[in-house]
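2 protein chains.
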Amino acid sequence: MVGKSQIKFIKSLQQKKYRNQKGMFAVEGIKTVQELLDSNFEAYRIYCCDARLLNADDDVIELIPETDLKKISSLKNPNKALGVFKVPSPQIVGSDDWVLALDNVRDPGNLGTIIRLCDWFGIPHLVCSENTVDCFNPKVLQATMGSITRVNIIYTDLGRFLKTSELPVLGTFMDGESVYSSEFTEKGILVLGNEANGISSEIETLVNSRISIPQFGSPTTESLNVAMATAIFLNEIRRP
Amino acid sequence: MVGKSQIKFIKSLQQKKYRNQKGMFAVEGIKTVQELLDSNFEAYRIYCCDARLLNADDDVIELIPETDLKKISSLKNPNKALGVFKVPSPQIVGSDDWVLALDNVRDPGNLGTIIRLCDWFGIPHLVCSENTVDCFNPKVLQATMGSITRVNIIYTDLGRFLKTSELPVLGTFMDGESVYSSEFTEKGILVLGNEANGISSEIETLVNSRISIPQFGSPTTESLNVAMATAIFLNEIRRP
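As you go down the protein sequences, you meet chains A and B in turn.
The numbering used here runs 90 ahead of the 1-based position in the first sequence.
The numbering used here runs 90 ahead of the 1-based position in the second sequence.
Below, the structure written as structure tokens:
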């Protein structure tokens, strides 16, 4: 049985404040919990309705009835398991490959998709400004589909990070040079900005080259969503 | 004031069955309603809480209080206006440019994003299998951001459509030829499949070339989401 204080603790992890305080986060669903168990992430406690569904150490797993899972879950239809894991220590961001940097991306679905794209395109490091949505937010975790275990994500003062890095900084702007005529160096930092306002003026001053994706449709069109733009930029960086 | 029968009528348009029956659909929010008013779409009735916010003919607009908007809206926080428009007659799909075809795409957010991408990349025609999610579904409309007015979308028997078209048919598969080594013809049909199962076996037999997006990260990675894949394929088709 899951006691009252445990329920309160697990529920509190839905909020960033408590995740930071406790250095833990919760994920849901057999598939994602198993992916985290199979990764370098350290499990604190795994709550599961059917032990045969998960491959986990006995000392970390706790068998609970579906009614208890409902009490600790943030989902309408909980899926058999909830895992509490320790927030991993961020690794140092290397300078031997491309780094993706996000300046105030707010939408959890967008961040989740961007993490998946980093994973697909083998981008090892994702550097987020401190006001970017937290990657351990339940909606982000749901959208990453386990990719979070394969991308090193750090939250930091983005301006300071860009200033101290020796890598060239590419920023994405509506009025930048066409991505098709840009010659990509072997490594660098690619910065994408906020959904509504793009890259902030503070970060803009630290950008060495401005790039953009040409528009082929009617010029009245909305700009591309930040996750769509990331897909296209990473594809351009990686294409031989 | 909005009467009971009007409320019932507008609410019914949240369901595909009634949209088809009545040949109408509803959209919400000042920006999207205005975009549809400014397009070729024919307005049936526009409900608005503040006439100064919209530029519409007097005979089509109806001023209502916020309490009435709440009654007809499908949103938690309705945004000042709801417009009922006639479903446009689909145009004939031309054979002078690329056509995007969807085989059983189910997620409204994905379809909305794909419509936006067609708009951005100037793809005039989107052909959907009959089991693809309806483009006048409220969640799709919310995700398209007005792009729906600039893309001709038809629902049809996709197998029959591919059989009768003279354009080459490209299908996207995990084991296809790399999109980077594919030479794109000037026009053709690009087919993307269902979120979980990809392209169905019936449609697969009608595909002339199989293409895919190479993976650069760990080989255990999830496949790319269908909207992400569409972004990358359309970019590859259009890049000079």
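Just so you know, even glycine gets a beta-carbon here, dropped at the ideal spot from N, CA and C.
Interface partners of residue i on chain A, CB under 7 Å
i, result
"Leu-330 of chain B", "According to the sequence provided, residue 330 of chain B is Pro. The question's Leu does not apply to it. Simply Tyr-270."
Check whether residue i and residue j have beta carbons under 8 Å apart
i, j, result
"Ala-191 of chain A", "Val-123 of chain A", "no"
"Asn-242 of chain B", "Pro-155 of chain B", "no"
"Val-217 of chain A", "Thr-262 of chain A", "no"
"Leu-296 of chain A", "Gly-249 of chain A", "yes"
"Lys-176 of chain B", "Gly-113 of chain B", "yes"
"Leu-278 of chain B", "Leu-260 of chain B", "A quick correction: the sequence has Gly, not Leu, at residue 278 of chain B. In contact: Gly-278 of chain B and Leu-260 of chain B (Cβ atoms closer than 8 Å)."
"Tyr-134 of chain B", "Ile-162 of chain B", "no"
"Ala-321 of chain A", "Ala-116 of chain B", "no"
"Ser-308 of chain B", "Arg-206 of chain A", "no"
"Thr-203 of chain B", "Ala-317 of chain B", "yes"
"Ser-255 of chain A", "Ser-164 of chain A", "no"
"Leu-144 of chain B", "Ile-182 of chain B", "no"
"Leu-257 of chain B", "Val-174 of chain B", "no"
"Glu-118 of chain A", "Pro-178 of chain A", "no"
"Asp-193 of chain B", "Val-92 of chain B", "no"
"Leu-126 of chain B", "Cys-139 of chain B", "no"
"Ile-293 of chain B", "Leu-231 of chain B", "no"
"Asp-224 of chain B", "Lys-106 of chain B", "yes"
"Arg-142 of chain A", "Phe-226 of chain A", "no"
"Asp-187 of chain A", "Pro-214 of chain A", "yes"
Identified DSSP bridge partners for residue i
i, result
"Asn-242 of chain A", "A:His-215"
"Val-259 of chain B", "B:Ile-279"
"Tyr-137 of chain B", "B:Glu-152, B:Leu-172"
"Gly-358 of chain A", "Residue 358 of chain A is absent from the model: chain A starts at 91 and stops at 330."
"Phe-323 of chain A", "Per DSSP, none; premise fails for Phe-323 of chain A."
"Gly-184 of chain B", "Gly-184 of chain B is not bridged to any residue."
"Arg-300 of chain A", "A:Gly-261"
"Met-235 of chain B", "According to DSSP, which records beta bridges pairwise, Met-235 of chain B is partnered with nothing at all."
"Gly-288 of chain A", "A:Asn-284"
"Glu-267 of chain B", "B:Ile-301"
"Phe-115 of chain A", "A:Phe-175"
"Leu-192 of chain A", "A:Cys-218, A:Leu-282"
Proximal chain A residues relative to residue i, where beta-carbon distance stays under 9 Å
i, result
"Gln-104 of chain B", "Residues of chain A passing the Cβ test: none, with the nearest at roughly 19 Å."
Neighbour list for residue i in chain B, Cβ cutoff strictly below 7 Å
i, result
"Gly-41 of chain A", "Only positions 91 to 330 of chain A appear in the structure, and residue 41 of chain A is not among them; the question remains open."
"Ala-321 of chain A", "Met-318, Ala-321, Ile-322"
"Asn-325 of chain A", "Ile-322, Asn-325"
Listed by chain order, chain B residues near residue i by CB distance under 9 Å
i, result
"Asn-169 of chain A", "Ordered by position in chain B, no residue passes the 9 Å Cβ test against Asn-169 of chain A, which lies about 15 Å from the chain."
"Arg-206 of chain A", "Thr-311, Glu-312, Leu-314, Asn-315, Met-318"
Under 8 Å by beta carbon: chain B residues contacting residue i
i, result
"Thr-203 of chain A", "Asn-315, Met-318"
- [ ] Could you tell me whether the stretch 196-206 of chain A touches the stretch 304-314 of chain A, where touching means 3 or more Cβ pairs closer than 8 Å?
- [x] Remark: fewer than three beta-carbon pairs, one from each stretch, lie closer than 8 Å, so the stretch 196-206 of chain A and the stretch 304-314 of chain A are not flagged as touching.
Task: Residues in the stretch 218-248 of chain A having any Cβ partner in chain B nearer than 8 Å - done: Taking 8 Å as the Cβ-Cβ cut-off against chain B, the residues of the stretch 218-248 of chain A that qualify are Met-235, Gly-236, Ser-237, Arg-240.
- [ ] Quick one: which residues of the stretch 284-301 of chain B get their C-beta closer than 7 Å to a C-beta of chain A? List them in chain order.
- [x] Within the stretch 284-301 of chain B, no residue qualifies.
TODO: Could you tell me whether the stretch 251-268 of chain A touches the stretch 227-238 of chain A, where touching means 3 or more Cβ pairs closer than 8 Å?
DONE: Touching, no, given that fewer than three Cβ pairs across the two stretches are closer than 8 Å.
Task: the stretch 300-307 of chain A in contact with the stretch 319-327 of chain A per 3-pair CB rule at 8 Å - done: Yes, the stretch 300-307 of chain A is in contact with the stretch 319-327 of chain A.
Open item on the list: If the cut-off is 9 Å on Cβ atoms, which residues from the stretch 143-170 of chain A count as contacting chain B, listed in chain order?
Closed with: Closer than 9 Å at the C-beta level to chain B, one finds no residue of the stretch 143-170 of chain A.
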